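The structure appears right after this line, and notes come after that.
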Amino acid sequence: MKTPFISLFTLLLATTQAQAAESIPGPAEVGARQIPVIEEAYAGSSINVVAGSRQTLYTDGAYQYAGFYGADGRLLLAKRRLGENSWQIHPTEFITDLKDAHNTISLVVDGGGYLHLAWGHHNTPLNYSRSVEPDSLIMGEPRAMVGEAEQSVTYPQFFRLADGNLLFLYRDGGSGNGRLVLNHYAAEQQKWSRRQGNLIDGESQRSAYWDMSIDKGGRLHLAWNWRETPDVASNHDLLYARSDDGGKSWQRSDGSDYKLPITQARAEVAATIPQNRNLMNPPAVDANHRGQPVIASYWSPEKGARPRFNLVYRDERGWHTIPGPEAGQDFTLQGHGTKRPPISRAALLVESGKDKGAHLIYRDDSRGGRVLAASLDDLRSPEWHFRYLTEENVGAWEPSIDPAQWQRMKQAQLLLQPVTQLDGDDRSGSDAKPTPLSLLIWGPVRENHQRRGVADDDTKAVGP
111 MKTPFISLFT LLLATTQAQA AESIPGPAEV GARQIPVIEE AYAGSSINVV
161 AGSRQTLYTD GAYQYAGFYG ADGRLLLAKR RLGENSWQIH PTEFITDLKD
211 AHNTISLVVD GGGYLHLAWG HHNTPLNYSR SVEPDSLIMG EPRAMVGEAE
261 QSVTYPQFFR LADGNLLFLY RDGGSGNGRL VLNHYAAEQQ KWSRRQGNLI
311 DGESQRSAYW DMSIDKGGRL HLAWNWRETP DVASNHDLLY ARSDDGGKSW
361 QRSDGSDYKL PITQARAEVA ATIPQNRNLM NPPAVDANHR GQPVIASYWS
411 PEKGARPRFN LVYRDERGWH TIPGPEAGQD FTLQGHGTKR PPISRAALLV
461 ESGKDKGAHL IYRDDSRGGR VLAASLDDLR SPEWHFRYLT EENVGAWEPS
511 IDPAQWQRMK QAQLLLQPVT QLDGDDRSGS DAKPTPLSLL IWGPVRENHQ
561 RRGVADDDTK AVGP
């Protein structure tokens, strides 16, 4: 009896979206604002502003840190004190190949105040550095972490645990033939160790495109899709795993233990999605106040149908899928390289307190290339509300959230830059003129909080 309900829900959703299209509040109405960071940053691809980077922006204590590339490929670091609009800019000694948009930046600050940085990876040796002292933008010489399985690195991601230690995730191997590696950093000993040498194994037949998040209780939530070949059209299914001990052991959503490595046969399927359904990689994952996972991605519900965002969430009854915003135009995901579809991937923010909602932040070319937020007040009673977070066209921009600001302050803070990205071609845009890069700030529940008399303030220090 689920099919008629979903069909009716989808019809109502489409009607709601059509009605809302003419009355979507703008950034001034919802309190979205921007703080300039730098006048000129590389804009020939989405390399500075790509989804799933985890992360180019991170807050520790009273300071916020950002990483991005200048027009010459030099990695630039920036730092501001919370509540202030001026940034300290520091050019590093590190230069990357701008003609490959996979060569993104990931940074984090450990519990001792040291900045950790990884950059420039697409099946290449590890590029990793740590600041020479706490609260500093001056980076040390590149170094190894563990020294093994560091010759073919892609998609590096840093995470900070509640105790100030770090996790580092990356793919070892190529697209359609890779494994997921997990390292652990002990901040007090200042030492990396290998926690999982093969967490997810594609068995030389496929690879996982993943995202991970850490909830307020310290639980790790890992979601991914499989890809069978380097062709994005071979993406399929959404899978899930969790860990309550910092990645030492892993379980399914029902608490049953995984035997590692996780393979296709062992993986818990959160949503079954066939190949050739325009499934974008990777998904985004977050969790609610009960530690229950929520996963977001877009795909076509039926072959030939227009792609739409969907939320997949787990409760005591099992997995559920909520249809979300539909793309404003038809498109097909296929081929190799960095893609340029008419919608970006989305950042997912799930309320973890008394609020029960969820928010998607994304760019839609059919809406003038502006940044939108689509919000649900309650996953169990889904009704989407839309807001514009920018008035300007941001080109091929994608969202990457400062996780510390969201977890502590319930603010969405992310780097914003209008950029060019040609479909499957990172090289042709290399002559594009640099564009300004700024910080976009929006409090998703700001309107509700104001009604309850709760201030929206980013001047407070953010810490563990």
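Heads up: the sequence shown runs through residues 111 to 574, numbered per our numbering. C-beta: ideal position from N, C-alpha, C; glycine also. Owing to the predicted nature of the structure, the values given are computational and were not obtained by experimental measurement.
Query, Result
"What are the boundary residues of the beta strand (DSSP E) that includes Val256?", "Val256 -> no beta strand (DSSP E), and no H or E assigned at all."
"If distances are taken between C-alpha atoms only, which option among Asp425, Pro411, Pro417, Asn287 comes closest to Phe441?", "Pro417"
"Tell me which same chain residues have a C-beta within less than 7 Å of the C-beta of Pro544, skipping the five on either side of it?", "Glu150, Ala151, Tyr152, Ala153, Ala181"
"Per the DSSP calculation, Pro146 is bridged to which residue(s)?", "Ser548"
"Should Lys358 be labelled buried (16 or more other beta-carbon atoms within 10 Å of its own) or exposed?", "exposed"
"For the region 160 to 175 against the region 203 to 219, are there 3 or more C-beta pairs whose distance is under 8 Å?", "yes"
"Our contact map puts Ala578 next to Ala437 with C-beta atoms below 8 Å; I'd like the distance itself, whole angstroms only.", "The requested residue 578 is not part of the displayed model; the chain covers only 111 to 574."
"Can you name, in chain order, every residue of its own chain whose Cβ lies under 7 Å from the Cβ of Arg477, other than the five neighbours on each side?", "Gly438"
"Using the Cβ count rule (16 or more neighbours within 10 Å means buried), how would you classify Asn195?", "exposed"
"Measuring only the C-alpha atoms, how far is Gly284 from Tyr265?", "11 Å"
"Which first and last residues belong to the beta strand (DSSP E) in which Arg164 is found?", "No beta strand (DSSP E) holds Arg164; DSSP gives it neither H nor E."
"Do Asn293 and Arg304 have their CB atoms nearer than 7 Å?", "yes"
"Cα-Cα, which of Ser239, Arg450, Gly434, Ala259 is closest to Lys301?", "Ser239"
"Please state the DSSP three-state secondary structure of Pro137.", "helix"
"Can you tell me which residues form a DSSP beta bridge with Phe269?", "Leu277"
"Measure the alpha-carbon distance for Asp488 versus Gly327 and round it to whole angstroms.", "21 Å"
"Please give me, in chain order, every unbroken run of the beta strand (DSSP E) with length at least 3 that falls completely inside the region 433 to 501.", "457 to 460, 468 to 474, 480 to 486, 494 to 498"
"Which of the three DSSP states, helix, strand or coil, is assigned to Pro513?", "helix"
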